[in-house]
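Residue numbers (our numbering): 32 to 330. By construction, the Cβ of each residue, glycine as well, lies at the ideal position given by its N, Cα and C atoms. Quantities reported herein were computed from a predicted structural model and do not represent experimental measurements. Report on the following structure.
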């Protein structure tokens with residue numbers, strides 16, 4: 032539906048009337064608003080090819096949760112949010128989590144690796160955020176908890192199993208116990224983070240999570256949903272939806288502290304092996320974070 036810009040019958044068939052989309056760059060509610068949100072990206076990258084990597088399914092009463100991961104390849108053939116067309120080939124990853132009831136989507140959480148897009152177009156997330164804000168309108172503000180809309184699905188996932196285990200690890204690390212990462216990530220763990228090629232090992236995982244926490248040392252980190260899955264011929268897997276909300280009051284991944292209020296929306300997936308986490312995919316949107324810093328900084 033989104034890839035082909037086919038918003039007629041598929042919208043009624045697959046989306047609830049009050050479906051909600053939350054992404055770092057926006058919040059949308061309603062069938063038409065959610066369906067057409069993808070048009071800007073389609074205009075910039077009209078020849079998108081989606082390469083599904085994985086999907087984790089978890090059922091809670093009447094709600095079916097699906098955590099998906101895909102890679103998108105395309106050519107920057109149209110103007111818009113990412114500037115004038117450059118003709119450059121890009122590839123980027125998308126993580127999403129969807130809640131379905133009676134076969135229809137009621138809620139969507141999605142994080143696209145826009146840091147990878149702007150990097151391949153020759154920009155940094157900070158410079159891109161500055162350019163977007165220079166021509167912004169009220170419809171281009173990043174998603175923050177206020178204003179939000181009431182959640183349709185309020186579950187928090189499983190209380191034991193792989194999802195709960197990984198959630199506990201990440202939460203404790205973000206409370207300061209970063210040594211847990213050294214102990215519970217495999218020595219050769221492959222890590223895919225915003226805007227970068229894969230990096231490897233527990234030290235790289237520690238650097239990533241510590242750098243994020245260091246920028247927002249007083250912010251509240253919360254795992255909002257977690258679940259895991261075991262399936263034949265696959266390693267144990269887990270998916271997390273998390274947030275970091277508070278003041279930009281530390282030196283870290285976002286430069287000098289500004290005092291700006293910031294909300295970071297993140298999605299993560301992982302695979303596990305005998306040494307612990309063997310592969311991790313974590314996305315948030317540095318560009319959306321920079322927008323909030325630039326809009327709200329106190330200098």
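Measuring alpha carbon to alpha carbon, tell me which of the options ends up nearest residue i.
i	options	result
residue 312	59, 197, 126, 94	126
residue 253	79, 191, 296	296
residue 306	290, 238, 218, 164	218
residue 86	261, 283, 72, 275	261
residue 288	314, 270, 308, 250	250
residue 267	227, 71, 88, 143	88
residue 273	57, 180, 201	201
residue 244	229, 233, 207	207
residue 139	147, 115, 105, 185	185
residue 292	248, 263, 264, 304	248
residue 264	229, 275, 304, 298	304
residue 124	137, 133, 148, 117	148
residue 159	115, 97, 98	115
Do residue j and residue i count as a contact pair if the criterion is CB distance below 8 Å?
i	j	result
residue 52	residue 63	no
residue 241	residue 285	no
residue 100	residue 300	yes
residue 156	residue 321	yes
residue 119	residue 107	yes
residue 256	residue 188	yes
residue 113	residue 69	no
residue 281	residue 246	yes
residue 269	residue 259	yes
residue 204	residue 211	yes
residue 197	residue 271	yes
residue 234	residue 222	no
residue 216	residue 308	yes
residue 298	residue 142	yes
For chain B, find out if any of its Cβ atoms is closer than 8 Å to the Cβ of residue i; answer yes or no.
i	result
residue 154	Checking the listed chains, one finds no chain B in this structure; it contains a single protein chain.
What number of angstroms, rounded off, separates the C-alpha of residue i from the C-alpha of residue j?
i	j	result
residue 60	residue 50	6 Å
residue 145	residue 174	15 Å
residue 122	residue 213	30 Å
residue 47	residue 182	14 Å
residue 102	residue 82	5 Å
residue 294	residue 277	7 Å
residue 129	residue 95	8 Å
residue 152	residue 224	18 Å
residue 302	residue 79	27 Å
residue 341	residue 84	A query on residue 341 cannot be resolved here, the shown segment of the chain reaching from 32 to 330 and no further.
residue 135	residue 45	5 Å
residue 161	residue 279	17 Å
residue 109	residue 310	34 Å
residue 190	residue 199	10 Å
residue 32	residue 227	Here the model assigns residue 32 a pLDDT of 49, short of 50, so the residue's position is not dependable, and the following value carries that caveat. If you take the alpha carbons of residue 32 and residue 227, they lie about 29 Å apart.
residue 239	residue 131	32 Å
residue 179	residue 316	18 Å
residue 169	residue 73	Low per-residue confidence applies at residue 169: pLDDT is 44, beneath 50, and the placement is therefore not dependable, though the value from the model is reported in the following sentence. If I take the Cα positions, the gap works out to 21 Å.
residue 111	residue 57	16 Å
residue 90	residue 42	23 Å
residue 290	residue 77	39 Å
Looking at the unbroken beta strand (DSSP E) that takes in residue i, where does it start and where does it end?
i	result
residue 201	Unbroken run through residue 201 is the alpha helix (DSSP H), 193-205; no beta strand (DSSP E).
residue 227	No beta strand (DSSP E) holds residue 227; DSSP gives it neither H nor E.
residue 175	No beta strand (DSSP E) contains residue 175, which DSSP labels as neither H nor E.
residue 181	No beta strand (DSSP E) holds residue 181; DSSP gives it neither H nor E.
residue 57	57-60
residue 265	Residue 265 -> no beta strand (DSSP E), and no H or E assigned at all.
residue 289	Unbroken run through residue 289: none, as it is neither H nor E.
residue 249	Unbroken run through residue 249: none, as it is neither H nor E.
residue 129	120-132
residue 53	46-54
Where do the N-terminal and C-terminal ends of the alpha helix (DSSP H) with residue i fall, by residue?
i	result
residue 157	156-165
residue 112	Unbroken run through residue 112: none, as it is neither H nor E.
residue 239	233-246
residue 297	Unbroken run through residue 297 is the beta strand (DSSP E), 292-304; no alpha helix (DSSP H).
residue 282	No alpha helix (DSSP H) holds residue 282; DSSP gives it neither H nor E.
residue 145	145-151
residue 318	317-327
residue 314	Premise fails: residue 314 lies in the beta strand (DSSP E), 307-314, not in any alpha helix (DSSP H).
residue 214	210-215
3-residue-minimum beta strand (DSSP E) runs that sit fully inside the stretch 68-98, ordered along the chain:
80-91
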